[in-house]
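First comes the structure, then the notes that go with it.
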DNA sequence: CTGAAAGCGCTTACAG
DNA sequence: CTGAAAGCGCTTACAG
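Protein chains in written order, with my numbering: chain B, 11 to 354; chain W, 11 to 354.
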């Protein structure tokens with residue numbers, strides 16, 4: 011492809027540099043640097059001359075060069091599952107606000123729940139020399155990050171723990187939340203309760219399943235294996251799972267759904283039925299209170315997850331060097347109606 | 011703040027460089043560069059020696075240095091209003107996918123609808139020398155971007171046009187969409203229709219208001235000024251506006267809400283009322299079909315907005331140099347019930 | 001108060 | 001097939 015064929019191709023060489031500013035202002039390079047960075051020790055008159063040259067030339071400092079020299083990039087990377095998932099909106103926003111307060115930019119990417127894609131993205135961010143990383147893991151083996159962490163890339167995992175390395179983690183207490191949600195259904199008279207969750211390799215999915223089993227066991231209830239379904243959040247898969255649990259001679263009378271994507275699909279599936287089925291979902295979601303019945307949920311605070319992870323990261327970047335630790339944030343049961351329906 | 015007080019402070023000098031790899035492999039710097047970049051003309055044996063050295067040292071190329079030399083950063087900036095707004099989730103995701111297909115990373119920031127914050131963010135991205143920018147404007151004056159665009163930063167505005175500069179823009183057809191939505195209410199017998207919109211300085215707000223007025227005028231209907239309310243999407247403000255239009259001796263019988271934030275708040279306000287009020291909202295939103303009544307909307311395709319803007323940007327980056335243009339994407343009326351209610 | 005020199009870690013342009 | 005030199009645009013460490 012001939013590059014010469016098209017019109018004025020952008021060229022970075024086109025941009026004025028500090029050297030150009032210095033020449034025009036009739037001062038040394040270092041003086042321009044002082045003015046640009048607001049360092050003291052420059053006469054008012056010199057400052058003015060430099061400023062005039064900057065304006066005349068339309069100079070803007072090239073931070074790529076600055077970064078190379080200074081070591082720090084003042085940017086952090088955020089890798090999560092899917093930018094479009096409403097759960098990650100408030101989380102991202104909270105990370106962004108914290109980064110902003112620290113003067114850092116945010117580089118963002120989605121792993122799409124693909125371990126290889128997570129790895130590529132994370133390593134690309136390391137090559138850009140982000141100061142730190144916040145990662146919602148898709149992979150279950152993060153040993154590939156060891157050299158990066160050793161080289162100084164501060165790393166905090168959020169929503170799920172990393173695999174096979176020690177690092178800071180910020181989680182919601184999925185086990186306790188799920189156990190309480192299922193116990194709530196049991197308290198309302200249910201004995202046959204289904205569990206529909208996410209892929210079994212996702213930590214939150216197995217933790218929530220563990221919570222389900224713990225609640226059932228604590229109440230002395232048997233769990234039929236047909237009542238448990240783990241898999242992708244694809245609506246077809248989830249609807250089939252729900253239909254199967256609700257069919258047959260001894261159908262479940264209540265469902266526990268392990269994340270917001272699953273809950274929304276199950277709400278749609280239940281909408282077409284006459285016999286009421288009780289439902290408690292993990293994760294709150296917009297308009298849950300306006301559905302009929304309104305949906306009882308185990309809410310986690312996505313913004314707080316993000317804020318806590320970012321605070322941890324920037325504390326590390328400020329030089330705090332304690333051992334890596336896990337923070338587990340509490341969940342909250344919000345009873346709205348669907349979880350208080352009696353068994354049919 | 012003494013820097014010496016804390017434990018092993020990360021130092022970039024710590025990282026191995028190409029020079030270190032070259033020394034260890036017993037080759038020249040340029041040979042390492044060739045291997046790292048997969049350039050041809052290196053013996054298999056030399057490649058192996060270099061690879062071994064890379065692995066032994068845990069070398070990862072510093073892209074900051076590369077960027078400085080090459081000019082291109084292989085990153086683009088995306089500035090929007092609020093990362094946590096569900097409308098921008100699919101848009102961001104679409105931009106990300108396109109960027110990924112072109113090997114570029116995404117630097118993301120929210121303007122929070124603050125013109126000054128937009129400007130700071132955009133200029134910070136320019137200083138990082140992003141190759142291009144996709145911006146949902148909060149400001150109504152983008153002349154500050156002129157020197158950057160002249161210096162070669164490809165720029166595409168999305169969702170709203172820029173102020174006082176010529177540039178590529180990708181929009182939904184807000185005027186036509188709103189006009190059709192209001193005409194739909196009129197077709198179902200309504201004569202007194204309220205309009206609740208966003209801040210008047212936001213282009214989409216005024217375009218949608220224009221659509222409302224056009225539909226009313228086309229039907230020969232008077233518009234009482236008490237039926238129009240523009241302002242922030244703060245729920246208190248929106249609820250008060252709705253209450254006021256629904257009070258008095260000649261209340262409105264239908265409402266047109268000009269974006270998803272406003273619609274959701276109005277749905278809550280109407281939920282507490284006995285007399286049915288018809289509603290059409292601009293923007294589709296999750297679960298709109300499951301509410302009672304299900305909400306009729308003018309849907310825009312947020313993912314397509316993002317994809318179109320990103321395609322345009324990368325075409326520019328590939329050297330296409332046509333005049334800046336505006337793309338207007340169609341909207342789609344989805345009738346679900348709330349917009350088909352007859353006047354009370 | 002001011003500036004010349006060296007260097008951050010790569011790639012480019014060239015020579016062998 | 002391989003490498004030494006120069007340079008990208010800044011900041012650092014120093015000297016005056």
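All C-beta atoms in this analysis are idealised placements derived from N, C-alpha and C, irrespective of residue type, glycine included.
- Boundaries of the beta strand (DSSP E) harbouring residue 288 of chain B: 288-292, taken from the DSSP string.
- Looking at the DSSP output, residue 266 of chain W sits in a beta bridge with W:205 and W:290.
- When Cβ-Cβ separations below 8 Å define contact, residue 92 of chain B makes contact with chain W.
- Within the segment 101-127 of chain B, the residues whose Cβ lies closer than 7 Å to any Cβ of chain W are, in chain order, 102, 103, 106, 115, 116, 117, 118, 119 and 120.
- Taking 8 Å as the CB threshold, residue 269 of chain B stays off the interface with chain W.
- For residue 24 of chain W, there are no CB contacts under 7 Å within the same chain when 5 residues up- and downstream are skipped.
- Neighbours of residue 233 of chain W in chain B, taken as residues at a C-beta separation under 7 Å, are lacking, since the least C-beta distance is about 30 Å.
- At a Cβ-Cβ threshold of 8 Å, residue 305 of chain W and residue 346 of chain W count as neighbours.
- Counting along the chain, residue 309 of chain B sits inside the beta strand (DSSP E) bounded by residues 306-309.
- Within the same chain, and ignoring the five residues on either side of residue 92 of chain B in sequence, the residues whose Cβ sits closer than 7 Å to its Cβ are 98, 120 and 122.
- The DSSP-derived three-state label of residue 178 of chain W is strand.
- In this structure the segment 231-249 of chain W does not lie against the segment 125-141 of chain W, because fewer than three pairs of beta carbons, one per stretch, are closer than 8 Å.
- By DSSP's assignment, residue 339 of chain B forms a beta bridge with B:182.
- In the DSSP annotation of this structure, the continuous segment of the alpha helix (DSSP H) that includes residue 160 of chain B starts and ends at 156-160.
- Look at residue 324 of chain B here: in three-state DSSP terms it is helix.
- The DSSP-derived three-state label of residue 64 of chain W is helix.
- For residue 77 of chain W, the enclosing alpha helix (DSSP H) starts and ends at 73-80.
- Residue range 98-111 is occupied by the alpha helix (DSSP H) that includes residue 101 of chain W.
- According to the DSSP secondary-structure assignment, residue 167 of chain W is paired through a beta bridge with W:145 and W:179.
- When secondary structure is reduced to three states using DSSP, residue 200 of chain W falls in the coil class, being assigned neither helix nor strand.
- For residue 259 of chain B, the number of other beta carbons within 10 angstroms of its own is below 16, and it is reported as exposed.
- Secondary structure at residue 239 of chain W: strand, using DSSP grouped into helix, strand and coil.
- Comparing alpha carbon positions, the residue from B:71, B:197 and B:124 closest to residue 149 of chain B is B:124.
- Under a criterion of Cβ atoms nearer than 8 Å, the residues of chain W adjacent to residue 274 of chain B are, in order, 296 and 297.
- In the structure shown, residue 85 of chain B falls within a strand segment according to DSSP collapsed to helix, strand and coil.
- Residue 78 of chain B reaches chain W at 74, 75 and 78, counting residues in chain order whose Cβ is nearer than 7 Å.
- Under the Cβ criterion of 8 Å, residue 321 of chain B is not counted among the residues facing chain W.
- The bridge partners DSSP lists for residue 194 of chain B come to none.
- When CB distances to chain B are screened at a threshold of 7 Å, the residues of the segment 149-175 of chain W falling below it are 157, 161 and 162, in chain order.
- Out of B:133, B:182, B:46 and B:352, the CA that lies nearest to the CA of residue 201 of chain B is found in B:352.
- For residue 277 of chain W, the chain B residues whose Cβ falls inside 8 Å of its Cβ are 297 and 300, in order along the chain.
- Burial state of residue 320 of chain B is buried, judged by a 10 Å Cβ sphere holding 16 or more other Cβ atoms.
- Here residue 143 of chain B is buried. Its C-beta has 16 or more other C-beta atoms within 10 Å.
- Not flagged as an interface residue toward chain W: residue 243 of chain B, since no C-beta distance is shorter than 8 Å.
- A straight-line Cα-Cα distance of about 8 Å links residue 333 of chain W and residue 178 of chain W.
- Interface with chain B (8 Å Cβ-Cβ cutoff): residue 333 of chain W is excluded.
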